[in-house]
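Novice: Sending over a structure as structure tokens; questions will come in a sec.
Chains as they are written, first to last, in the working numbering: chain U, 1 to 173; chain H, 1001 to 1101.
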């Protein structure tokens, strides 16, 4: 019962946040709408026994990623109005029709079966730090090490992008 | 009336479609990037719901990896957007047509 009430409330806020992100004219409002959606998803993670990922969602997404977005919006400015006229003819109706078909297909297929395969037996999962850590440093230790490499590459790439000198700018223009 | 994981997955598919609409309809590179983040978050929700349905912790581990990749992607992507803005003074993808054949 509690879960149903939470689902209805936060499904509405998640959808509101997502739609306002797409519709907002000001990128700051887009960022705030996405933040609302991410908080709602954190609530869903808790109701699906994902306690650790819920905390990580709040810290990493709403804390770090969206703050980074807001900083970039601050840096590049929001004063220039977005030109909403389409260059490609019929892009908007075709997009909406194709996405509607995609959503209908997923929902119809899901009404038949959302998951396949048999559920593993045993006690219900509990996404504590201990359970996630056991899996992460047991079965998933090699992918975990590769993510370390990925993060180093991302950091090095960002530093390289940030150090472009202004003298290089003629070649791109 | 109990909430089954299917409800979460239906919600996630709707969020994914909204994210895709944002990606295809908006012209501001920052908002398009946020739409990609929304799509990644929708997929994360399906991972968590499926992990609960199948009684596997691996769904939540997958969410962890998706978050790491998304964080790396955001860092590099925003650096590219800032670099492009410094050169061309625009964040609109329609004006960035230098590679047009």
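C-beta: ideal position from N, C-alpha, C; glycine also.
Quick one: grab the DSSP three-state call for residue 1028 of chain H.
Specialist: Here residue 1028 of chain H refers to the residue found at position 28 when the second chain is read from its first residue. Of the three classes helix, strand and coil, the one that applies to residue 1028 of chain H here is strand, per DSSP.
Novice: Between which residues of its own chain and residue 1053 of chain H is the CB-CB distance below 7 Å, once the five residues before and five after are set aside?
Specialist: Counted from its first residue, the second chain places residue 1053 of chain H at position 53. Correct list, in chain order: 1005.
Novice: For residue 124 of chain U, would you say it is in contact with chain H, using Cβ-to-Cβ distances shorter than 8 Å as the test?
Specialist: Indexing the first chain from 1 puts residue 124 of chain U at position 124. It does; some Cβ of chain H falls within 8 Å.
Novice: To the nearest angstrom, how far is it from the Cα of residue 111 of chain U to the Cα of residue 9 of chain U?
Specialist: Working through the first chain from its first residue, we reach residue 111 of chain U at position 111. Working through the first chain from its first residue, we reach residue 9 of chain U at position 9. In a straight line, the C-alpha of residue 111 of chain U is about 22 Å away from that of residue 9 of chain U.
Novice: Would you give the residue range spanned by the alpha helix (DSSP H) that residue 1086 of chain H belongs to?
Specialist: To locate residue 1086 of chain H, count along the second chain from 1; it is residue 86. Note, residue 1086 of chain H: alpha helix (DSSP H), 1058-1088.
Novice: With respect to the alpha helix (DSSP H) encompassing residue 25 of chain U, which residues constitute its N-terminal and C-terminal limits?
Specialist: Here residue 25 of chain U refers to the residue found at position 25 when the first chain is read from its first residue. From DSSP, residue 25 of chain U is part of no alpha helix (DSSP H); its letter is neither H nor E.
Novice: Tell me, please, whether the CB atom of residue 981 of chain H is closer than 8 Å to any CB atom in chain U?
Specialist: It is not possible to answer for residue 981 of chain H, since the shown part of chain H is limited to 1001 through 1101.
Novice: Distance, Cα to Cα, residue 1080 of chain H vs residue 97 of chain U?
Specialist: Mapped onto the second chain, residue 1080 of chain H falls at position 80. Mapped onto the first chain, residue 97 of chain U falls at position 97. Each residue's alpha carbon lies about 31 Å from the other.
Novice: To the nearest angstrom, how far is it from the Cα of residue 1082 of chain H to the Cα of residue 73 of chain U?
Specialist: By 1-based counting over the second chain, the position of residue 1082 of chain H is 82. By 1-based counting over the first chain, the position of residue 73 of chain U is 73. Between residue 1082 of chain H and residue 73 of chain U, the C-alpha separation is close to 9 Å.
Novice: How many Å lie between residue 1075 of chain H and residue 1001 of chain H at the Cα?
Specialist: Walking along the second chain from the start, residue 1075 of chain H turns up at place 75. Walking along the second chain from the start, residue 1001 of chain H turns up at place 1. Using only the alpha carbons, I get a separation of about 42 Å.
Novice: In whole angstroms, what is the alpha-carbon distance linking residue 6 of chain U and residue 1100 of chain H?
Specialist: Along the first chain, one-based indexing puts residue 6 of chain U at 6. Along the second chain, one-based indexing puts residue 1100 of chain H at 100. Approximately 49 Å between the Cα atoms of the pair.
Novice: If the cut is a Cβ gap below 7 Å, which residues of chain H does residue 60 of chain U touch?
Specialist: By 1-based counting over the first chain, the position of residue 60 of chain U is 60. Within chain H, the residues near residue 60 of chain U are 1067 and 1071.
Novice: When burial is assigned at 16 or more other CB atoms within 10 Å of the CB, is residue 158 of chain U buried or exposed?
Specialist: To locate residue 158 of chain U, count along the first chain from 1; it is residue 158. Buried.
Novice: Should the stretch 1058-1072 of chain H be regarded as contacting the stretch 129-143 of chain U, the criterion being three or more beta carbon pairs within less than 8 Å?
Specialist: Taking 8 Å as the limit for Cβ pairs, the verdict is that the stretch 129-143 of chain U does touch the stretch 1058-1072 of chain H.
Novice: With distance defined between alpha-carbon atoms, name the residue in U:49, U:119, U:71 and U:118 nearest to residue 3 of chain U.
Specialist: On the first chain, residue 3 of chain U is found 3 positions in, with the first residue counted as 1. The shortest Cα separation from residue 3 of chain U among U:49, U:119, U:71 and U:118 belongs to U:49.
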